[in-house]
Each structure stands twice: as C-alpha cells, then as structure tokens.
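A.B. asks: Per my numbering, residue -6 is the first one in the sequence shown, and the count goes up by one each step.
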Amino acid sequence: MKDHPVNIHDMVRRAIRAQVELGLGEVIVTGTPVKLEENDLVAQMSSVRKVSQTADMFDPAVTVSTTPQYASLEDHFNAMCDCQRCSLGQTRNKLVYGAGNPKADVIFVGEGPGADEDRIGEPFVGRAGQLLDRILAAIQLSREQVYIGNIIKCRPPNNRDPLPEEMESCFPYLLEQIKIIKPKLICCLGRVAAQALLNTKTPLGKLRKQWHDFHGVQTLVTYHPAALLRFASYKRDTWEDMQMLKARLDELTGA
Ligand code: SF4
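Below, the structure is given as structure tokens:
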C-alpha cells in the first residue's frame, strides 16, 4: 500500500492542533506509522512555540482607561482600514475590523478572520459564528448587544496561527477599540486570543474558570466556537463559562 504524505501531514497537524487546544503544555507526537519530513514537523512545532512567545507584546504602560486616540470606532476604522503594518495586509481580501454595539458591556475577542470572514469582512460569520450566536442567545445576549473583535484583523494564509510579530503589529488596534468602547467585561475565545490578551503562556485549560484583569477590565477565557465544532465535549465547559460571564454581567449592570 502506498503512503499518502499529504494525508499524514494533515493528521499530524490535526493532532498538534488538538493537543494545543486541549491546553496541554507541550505537544506530543507519537505512533506516527510513516516517515515524516523532518522539516514539516519542525515547522509545525516552531509555529506552536512562536505563539507562546508573545510575552513581550503588550506594553503595560498603556491602560484601557487611557483616553483613546480616536473619538469613535468609525474614526478609528477610517484611519486604519488600509493597514499594511504586517504582511497579512498583502494577502487579505477584506480587513475584518470588528462588529457590534460601540457601547457594549462585553467584548468577545477571537483569534483572527477565517476564510468566510476574509471574504465578507465581518467577524464570526461561518459555522463558528453561527454557534457563537447560539451561545450568546443561551445567555440572553445578541450580536447587536455585544462587540466582537479579533486579535488580528487580516486572515493568515491557510488558516495558520497568527505569528507573534503579526499579533504585535495588530494588537494596538484592538487596544484602541477596547479603549473607545470601555466594556465592563472581556471574553477571550480560544487559546490564541487568551494568551495574547493576557500576556501569558499558560495553557487555555488553566486560564478558564477565573477572572483575569486586563488593565482594569475583568476578563474571562473560554473555548473558541470552532473548537466546540470539533470537540463537542467542550460544550458543557463553555456553558459553565457563559453562566459565569452572565452572572458577573448582571451583577455589574444591575440586571
Ligand atoms: S493583520 Fe493587523 S497589522 Fe497586519 S495588515 Fe492586517 S490590520 Fe494591519
């Protein structure tokens, strides 16, 4: 029987991705019954390592309570919508700025645009987006009530993880959005968003179920809806996270 290297590589990629999303501190590749191209595996592993090297990307001198540079999200968007700060500006179809209520009490922050988002220019519009809508509805929220953004605003080719330098280039835009909106709560969707926003290498599993402080804004971490589509067992945990978010939101808004 002939080997099918492309399928095997896909399998290894999926295994690595699954382990990272499960919040394991290190990636284990075992039992691969075929010869792997060493460079492919090294490339995958270095991509995993690079994501955990985001520790210096956030400048602690900048705080959410600082007066924003722009008076509105619209002004901010108009100023940055042609951005070419990193190489993703060359490969995107549409920049995905963010969407929702400019006075939202909660901001949901994901990793970055996928293929559907890149095509349409809106965050979370594919299957993961539909699931996010259902998650919001389960805690009596709608897309129109919250704000949804991403750590990076342009799609990385082939849906790879954003590189640290890309996140570093793009992060000031998200920070400015947060400063303009001034939310009461932030909810990070998935490992990449959580580690970037919280400036940590801690695995996602250990970041959940507790409130973090993002320069004065209480911040919770849960799974990315795309992970729920792949691993249905995350749904119960996500439901518990959303209950925690809703309870704190009701407390803060007097609902
Ligand atoms: S990802 Fe961010 S920094 Fe890079 S080009 Fe797009 S908007 Fe600019």
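The beta carbon of each residue, even a glycine, is placed where N, CA and C say it ideally should be.
Since the model is a prediction, treat every value here as computed from it, not as a measurement.
Alpha carbon to alpha carbon, what distance is there between cysteine 79 and proline 157?
C.D. replies: Near 11 angstroms, if we compare the C-alpha coordinates of cysteine 79 and proline 157.
A.B. asks: Which complete beta strand (DSSP E) runs does the segment 81 to 136 hold, if anything under 3 residues is left out?
C.D. replies: Correct list: 99 to 103.
A.B. asks: Looking only at DSSP bridge pairs, what is glutamine 211 linked to?
C.D. replies: Beta-bridge pairing links glutamine 211 to Leu178 and Asp206.
A.B. asks: Mind checking who glycine 142 pairs with in its DSSP beta bridge?
C.D. replies: DSSP output for glycine 142 lists Val102 as bridge partner(s).
A.B. asks: Does the structure place the segment 233 to 246 close enough to the segment 177 to 187 that three or more beta carbon pairs sit under 8 angstroms?
C.D. replies: They touch, by the three-pair rule.
A.B. asks: Say yes only if the C-beta of leucine 190 is nearer than 8 angstroms to one or more non-hydrogen atoms of the ligand SF4, and no if none qualify.
C.D. replies: Leucine 190: no, Cβ never under 8 angstroms from the ligand SF4.
A.B. asks: Any residue with its C-beta under 5 angstroms from a non-hydrogen atom of the ligand SF4 counts. Can you list them all in chain order?
C.D. replies: Every residue passing the under-5 angstroms Cβ criterion appears here: Cys76, Arg78, Cys79, Leu81, Gly82, Ile145, Lys146, Cys147, Ser162 and Cys163.
A.B. asks: Keeping to the same chain, check which residues put their C-beta closer than 7 angstroms to that of methionine 73; ignore five residues upstream and five downstream.
C.D. replies: Hits under 7 angstroms: Tyr166.
A.B. asks: Would you kindly report the start and end of the unbroken alpha helix (DSSP H) that includes tyrosine 227?
C.D. replies: Its alpha helix (DSSP H) spans residues 227 to 246.
A.B. asks: Kindly list the residues whose CB is nearer than 7 angstroms to the CB of alanine 48, restricted to its own chain and excluding five residues on each side of it in sequence; keep chain order.
C.D. replies: Low local confidence applies: a pLDDT of 35 at alanine 48 is under 50, so the model's placement there is unreliable, with the coordinate-based value given in what follows. Same-chain partners within the cutoff: Asn192 and Lys194.
A.B. asks: Should alanine 186 go down as buried or exposed, given a rule of 16 or more other Cβ atoms within 10 Å for buried?
C.D. replies: Burial call: buried.
A.B. asks: Does the beta-carbon of serine 135 have 16 or more other beta-carbons within 10 angstroms, so that it is buried, or is it exposed?
C.D. replies: So serine 135 ends up on the exposed side.
A.B. asks: Going by beta-carbon coordinates alone, are arginine 120 and lysine 87 separated by less than 9 angstroms?
C.D. replies: For arginine 120 and lysine 87, no; Cβs fall outside 9 angstroms.
A.B. asks: For the pair the segment 137 to 146 and the segment 215 to 228, tell me if three or more CB-CB distances fall below 8 angstroms.
C.D. replies: The segment 137 to 146, when compared against the segment 215 to 228, does not touch it at the 8 angstroms Cβ threshold.
A.B. asks: Compare the C-alpha of lysine 239 against each of Val102, Leu197, Phe117 and Leu213 and name the closest.
C.D. replies: When only C-alpha atoms are compared, the closest one is Leu213.
A.B. asks: When burial is assigned at 16 or more other CB atoms within 10 Å of the CB, is glutamate 266 buried or exposed?
C.D. replies: There is simply no residue 266 to check, as the chain begins at -6 and stops at 248 in what is shown.
A.B. asks: Quick check on DSSP: helix, strand or coil for glutamine 46?
C.D. replies: At glutamine 46, the pLDDT of 35 sits below 50, so the modelled position is not reliable and the matter cannot be decided from this model.
A.B. asks: Would aspartate 243 be called buried (16 or more neighbouring beta carbons within 10 Å of its own) or exposed?
C.D. replies: Exposed.
A.B. asks: Drop a sphere of 10 angstroms on the beta-carbon of lysine 172, count the other beta-carbons inside from all chains shown, and report buried for 16 or more, exposed for fewer.
C.D. replies: Flag for lysine 172 reads buried.
A.B. asks: Would valine 89 and cysteine 147 be called neighbours here (beta carbons separated by less than 9 angstroms)?
C.D. replies: Yes, the Cβ-Cβ distance between valine 89 and cysteine 147 is below 9 angstroms.
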